[in-house]
Every structure is written in C-alpha cells, then in structure tokens.
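In this note's numbering, the protein residues as written are 108 to 556.
Right, one structure below, let's go through it.
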Ligand code: UDX
C-alpha cells in the first residue's frame, strides 16, 4: 500500500521504517528541514537500535522516501499516519496544535479520499475533533476523510522490536472499510513477512500479537490507560521503597516477591529516580486533565505524579546526608538519558539532578553512552566525558541516574581507586549494598538500608 507518515520523530520514523520493511511504500514528511536532510543523506537523527539498518534496507528497496513537501506526501499516500508531538501545556492538558495544523494541511492538500490515522498519543475524544477539523478545513467538502486511532506502544530503546513484535495492535475505527484497510496495513507484520533485524530474519514463533478492532474513543483510552497504569506501578514501588527505608526492609526483595504473582508481574516495579521520558510524564498529566474535564477525579494518577516528582527530593536528601556541603565538591553524574538504550533526555531526572547540583555549587563531570550531545546545549558549562571511569576521577561522589548496562557492569574496585572518596548514590538501584560496602564504599540507594 502507499502510506504517508507525517512527523519523523521517535514514533514516526520507527513507524515509517517498519511499515516499509513490511513491504509498503512509505512517504515520510517533517517540517524540520535539517531532519529531512539528514534522513535523505542516509543519517539517522535519533538513536534507536536497529533503526539505521531498517531504514537503509528500505531506501535500497525504494520503499521509503523523505520530503519537506507535506502536500506532496499527503497526496502520495492512501493512508496518512499522524505522528506529530503532543506535548503538555502549562496546565498539563495535551497541546494538540500540531495535530490541528496537520489536519488543516491534509484537508487543503488532499485531492482524493484519505484514511487519516492518529498515531500520536492523544486524549480520548480527539478523534471526534479531528473529524470535524478535516471537514471544516476542506475547501469545498468534496473530499471525504475517514479518521481512525492506532496508538503506538513503542518503548524507546526497543521501539523497532516492539513494532515488529507487538503484544497487540489496536485500531479504533468508525466503519468496517477502515478496519479492513488497517488490517491490510498490518497483515505483513502479523504474518512476519519482513526481514526482522532483531532476530536476523528468524523471529521466534510466539512473538506475534493480535489486531484488536474497537471504536476510536476506546482506542485512544487504551493508550492513556495502559501508560498511566505502568506509571502507577512505578510510583507504587517507590512508596514501598520509602517504607522499606524506614522499616529496614529491602525493596528489591519485596518487589521481586510481589512480582512472582503473575497477576502483579515483576516489570515496572523498580524503585529509584522514577519515570521520565516524553510519554509517562505527559500522558499522566493529559489523562488527569481529560478525566477532570469529563467529571471524573483521577486521584490515583495525581498521587502517582506527586510521588514521581518527589523522587528528586528523596535523592537529594541522600546527597545532602552523604556530602553534607555540596559547594565545591566534585560530583560525577553517571547517566543523562531518561532511561537506558536511548539518547532521549526529555523529562530525564538527570537534568533536574544537574540543575540542583549546579545551584548548590558542585563541580560536575557528566557521562552517558548516547545522550551527551543532546545534553550539552542545556548545560554548556559542565565537563562531559565518554568514559565513566574518567568521569569518577577525583570525584567526591558518583551519582547514578540512568540504568545503562555499562554502569551495571562497572568495576567499582577499579573506579574506587580513581575517586577522592568512595561514595556512590545510586538512583537506579543497580548495585548490591553488601558488595559495595565490601569494596569500602559508602553506598546510598532507594529502599535499602
Ligand atoms: C513508555 C511505555 O513503556 C510504552 O509502552 C509507551 O508506548 C511509551 O511510553 P518509554 O517512555 O519509552 O515507554 O520508556 P519506559 O521503558 O516505559 O520507561 C519509562 C520511565 O520509567 C523511564 O524513565 C524508566 O527509567 C522508568 N522506569 C521504568 C522506572 O523508574 N522503573 C521501572 O520499573 C521501569
């Protein structure tokens, strides 16, 4: 099929690449000329494992093209995926201006009927507004538009694998024809008719989800409800961690045992600096706002958001307890990205940690395997090193902010010799307290004595 993707960010680019790998002809467009120029030159503007390989193959097979000419891209595809950003406003409400702008462009530029699919994460009832906007903006109402919702469930760092092996594909439609069209789009994915870069072409049998057809509002709600539930789990684990610290229990042992009940599951019960990224923080805010707007008080989510915001305060309680005076101290910050295996620093706890350390006069040496270049413009006056062993050289403390595998495997015996004080304050509970103490470290973490 001929598919258009509007917005070449973390969602749009992965969507376009994987649908091209599935055999469709994909037309990608973005208003960011630099991004389109990078893509056209074969560069990948974001770090996402396997994405480069999938894009390269798609370009070679002439399955994907990039343009800043949105009108041309709109006319080329029969199905249009809207993958633009929906950031939170000051109020917490989702800012849908990019969606509205794209709706106007589609209405003005289309010359044939289109299925317009909202893939960006949007609050429920957006589909209704999108339908109205398309009708209102089309010059003479001659072109008919159908709207559908097809939320993404991609996790940054594993997005390509998540797209090729979805637990579920959710499509919200208003008519059977739209459902059939989207079944056709995703058939090659569900039938594994693509070269999988994750499994080098041989996917295990049990990694195929199912395609669920529902209404547009249900599909929109499934996304917010799923993300918010995951965020709720994380905040729940963080309150358990606060309890463990006061009782002298171990949150890792408590949450592990809890998770052995399949009704609970062990994932997303990791205590620490809490959730960042461009999804959880904004999705929770949008969901709280939407619920309030329709008269349902989502107290649980407000509590989850409050707990998450307090993580930085809890972390600094430990920093102050360990360092006493921060001014003039040399502090190594290990990890800048909001989570491992991505270069994305949006809403990353590490940025707030650095801001507060600077405010209190610390000298910072920051490191991260992928996110240094994205961080530099925000904090140009701190030093950055690629090697974490370099970062801890001469440091009075090492603060771990991101759960990178490289930090998990860090040789603290070796690192300890470089430090001026063997002090680690671990925001992601990567290490065993007993082992760190045996190496002569003062070790602070969440939910463990
Ligand atoms: C999330 C959802 O997982 C995904 O399904 C949705 O499509 C987009 O939002 P993402 O934001 O990429 O994906 O990252 P995720 O892996 O969910 O982690 C989010 C944050 O939670 C990270 O900051 C991570 O460090 C933190 N986290 C995760 C915890 O603090 N504890 C955990 O146990 C798990």
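Glycine included, every Cβ here is placed at the ideal spot set by N, Cα and C.
- Rounded to the nearest whole angstrom, the CA to CA distance from residue 198 to residue 309 is 47 Å.
- Residue state for residue 224 is assigned as strand, using DSSP reduced to three classes.
- Judged by beta-carbon spacing, residue 319 lies within the 8 Å limit of residue 275, meaning their Cβ atoms are closer than that value.
- Going by C-alpha positions, residue 498 is about 8 Å away from residue 440.
- In this structure, residue 377 has its CB closer than 7 Å to one or more heavy atoms of the ligand UDX.
- Contact between the segment 133–141 and the segment 168–177 is established, with three or more Cβ pairs separated by less than 8 Å.
- Taking each of 426, 290, 484 in turn and checking the Cα distance to residue 108, the smallest one comes out for 290.
- Here the alpha carbon of residue 418 sits roughly 52 Å from the alpha carbon of residue 218.
- Within the model, the alpha-carbon separation for residue 187 versus residue 112 is close to 6 Å.
- If one requires a minimum length of 3 residues, no beta strand (DSSP E) run lies completely within the segment 354–430.
- In terms of Cβ geometry, residue 365 and residue 380 do not form a close pair [threshold 8 Å].
- At a cut-off of 7 Å, the beta-carbon of residue 337 counts as near the ligand UDX: some heavy atom of the ligand is closer than that.
- Residue pairing by DSSP places residue 136 opposite 113, 174 in a beta bridge.
- If the five residues before and after residue 331 are omitted, its C-beta is found closer than 8 Å to the C-beta atoms of 228, 230, 231, 390, 393, 394, 397, all from its own chain and listed in chain order.
- Assigned with DSSP and collapsed to three states, residue 324 falls in helix.
- Boundaries of the alpha helix (DSSP H) around residue 269: 266–271.
- The ligand UDX never approaches residue 162 closely enough for any of its heavy atoms to be under 7 Å from the residue's Cβ.
- Residue 453 carries a coil assignment under DSSP once its states are collapsed to helix, strand and coil.
- Distance from the Cα of residue 463 is smallest, within the candidate group 342, 158, 434, for 434.
- DSSP places residue 297 inside the alpha helix (DSSP H), whose first and last residues are 283–297.
- Contact between the segment 468–481 and the segment 400–411 is absent: fewer than three C-beta pairs spanning the two stretches fall below 8 Å.
- Here residue 490 is bridged, per DSSP, to 472.
- Close CB contacts of residue 455 within its chain, under the 7 Å cut and outside five residues either way in sequence, are with 383, 443, 444, 445 (chain order).
- About 12 Å separates the CB atoms of residue 470 and residue 500; that is not less than 8 Å, and the two are not in contact.
- Residue 279 is bridged by DSSP to 256, 321.
- Taking a cut-off of 8 Å for Cβ pairs, the segment 111–128 and the segment 255–273 touch, as three or more such pairs fall below it.
- Listed in chain order, the non-local C-beta contacts of residue 196 below 8 Å within the same chain comprise 202, local neighbours out to five positions each way being set aside.
- Within the chosen limit of 7 Å, the ligand UDX does not reach the beta carbon of residue 271 with any heavy atom.
- The DSSP-derived three-state label of residue 232 is coil.
- The beta carbon of residue 544 sits closer than 7 Å to the beta carbons of 550 from its chain, once the five residues preceding and following it are set aside; these are given in chain order.
- 189 is the residue among 251, 493, 220, 189 whose C-alpha sits nearest the C-alpha of residue 209.
- Within the same chain, and ignoring the five residues on either side of residue 207 in sequence, the residues whose Cβ sits closer than 7 Å to its Cβ are 240.
- Leaving aside the five residues that flank residue 447 on each side, the residues in its chain whose CB is nearer than 8 Å to its CB run, in chain order, 264, 509, 510, 511, 512.
- According to the DSSP secondary-structure assignment, residue 182 is paired through a beta bridge with no residue.
- DSSP places residue 437 in no alpha helix (DSSP H) but in the uninterrupted beta strand (DSSP E) bounded by 437–441.
- For residue 523, the CB contacts under 7 Å within the same chain, skipping 5 residues up- and downstream, are 529, 546, 547, 548 in chain order.
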